[in-house]
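> Provided herewith is a single structure, encoded as structure tokens, for subsequent inquiry.
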Amino acid sequence: MSEYTAQDELQRFVVAKVMRLYHQKSNGVSAATAQLAQLRRGVGASPFQYPELLGIILEQEDDTEGIPEKYRGKGDQPSNAESAAYTALTLFALHQQSQNQPMHDAEVSFGNAVGKLVGDTTTSMKKRFDSLLTAQTENARQHYLRSLITLLRSEGIAFDYGRFAVDYMRLLNPATRQKVMYRWNRDFSYGLIPVRAAANKTTK
């Protein structure tokens, strides 16, 4: 399996899982509601702190092969892909809380979503995004992510969780981290532009 094929499979897997949770919860399936509550407990925590969540996160979904074989952990530590799936799914559970519409949107990247958030609220929010990009530890990244997701939830702004999982996997790799940071910054700027343009029209 090529690198891009594996990334696509990881993306499809995460999307299938978040949409299954969303649809089941919307249809009153109590098991999905319970799983989302469990996943929220794991926000910002190490996968080792809540090992019971791995059953929810790593279980295969229909029409997917789960975490691609080449990305699966082999030792005592989670692989970058497993950590990324854990981060994406726990954050989705937080993002989806008390929301009627799905907080997964395949048309909006994470950077775009934060750009919209800053345009809709205050430019001081940009500092939180910058702090996420420059964070030197996983604990710090998780702290800023939780803060941003809570704010995105309050504004009802969704983004693509499958793409986010792939990005986060690459962010955890020092060899590809700068590329992800560049693209998130670029997407942030493109997300901000239409919001500011609309604001300028209303003030004229």
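Residue 852 in this note's numbering sits at position 21 of the sequence shown; the count goes up by one each step and never skips. Built from N, CA and C at the ideal position, the CB exists for glycine as well. Model, not experiment: these values are computed from the prediction.
Measuring straight from C-alpha to C-alpha, what distance separates Thr1034 and Met1000?
Legend: pLDDT at Thr1034 = 47, less than 50; position of this residue unreliable, value from coordinates given subsequently. In a straight line, the C-alpha of Thr1034 is about 41 Å away from that of Met1000.
> Between the C-alpha atoms of Asn858 and Leu884, what's the straight-line distance to the nearest angstrom?
22 Å
> Can you list, in chain order, the residues of its chain whose CB lies under 7 Å from that of Gly1021, leaving out five sequence neighbours each side?
It is Tyr, not Gly, that sits at residue 1021 in the sequence shown. Answer for Tyr1021: Asn943, Gly946, listed in chain order.
> By a C-beta neighbour count over all protein chains shown, 10 Å radius and 16 as the cutoff for buried, is Lys958 buried or exposed?
exposed
> Identify every run of the alpha helix (DSSP H) within the stretch 928-1003, keeping only runs that are complete inside it and at least 4 residues long; order them along the chain.
941-951, 956-965, 969-986, 992-1002
> When burial is assigned at 16 or more other CB atoms within 10 Å of the CB, is Phe844 buried or exposed?
buried
> Report yes if the C-beta distance between Leu1003 and Ser914 is below 9 Å; otherwise report no.
A contact, by the Cβ cut-off of 9 Å.
> Please say whether Arg871 and Ala937 have beta carbons closer to each other than 9 Å?
Here Ala937 is not near Arg871, since their CB atoms are 9 Å or more apart.
> How long is the line joining the alpha carbons of His926 and Ala989, rounded to whole angstroms?
8 Å
> Less than 9 Å between the beta carbons of Arg851 and Gln928, yes or no?
no
> Please identify the residue among Gln866, Glu986, Leu963, Leu979 whose C-alpha is closest to the C-alpha of Arg1008.
Relative to Arg1008, the option among Gln866, Glu986, Leu963, Leu979 whose CA is nearest is Leu963.
> Under the three-state reduction of DSSP, which class applies to Phe879: helix, strand or coil?
coil
> Closest by CA to Asp893, which one among Thr921, Lys848, Lys901?
Lys848
> Is it buried or exposed for Glu840, if we count other Cβ within 10 angstroms and need 16 for buried?
Classification of Glu840: buried, given that the 10 Å Cβ count is 16 or more.
> Give me, in chain order, the residues of the same chain whose beta-carbon lies closer than 8 Å to that of Leu889; leave out the 5 immediate sequence neighbours on both sides.
Gly897, Ile898, Glu913, Ala916
> Compare the C-alpha of Gln973 against each of Leu922, Tyr992, Ala1006, Leu982 and name the closest.
Leu922
> Going by other Cβ atoms of all chains shown within 10 Å of its Cβ, with 16 needed for buried, is Gln967 buried or exposed?
Label assigned to Gln967: exposed.
> Which one of Leu982, Arg977, Asp1018 has the shortest CA to CA distance from Arg994?
Asp1018
> For a quick check, are the C-beta atoms of Gln869 and Tyr853 less than 9 Å apart?
no
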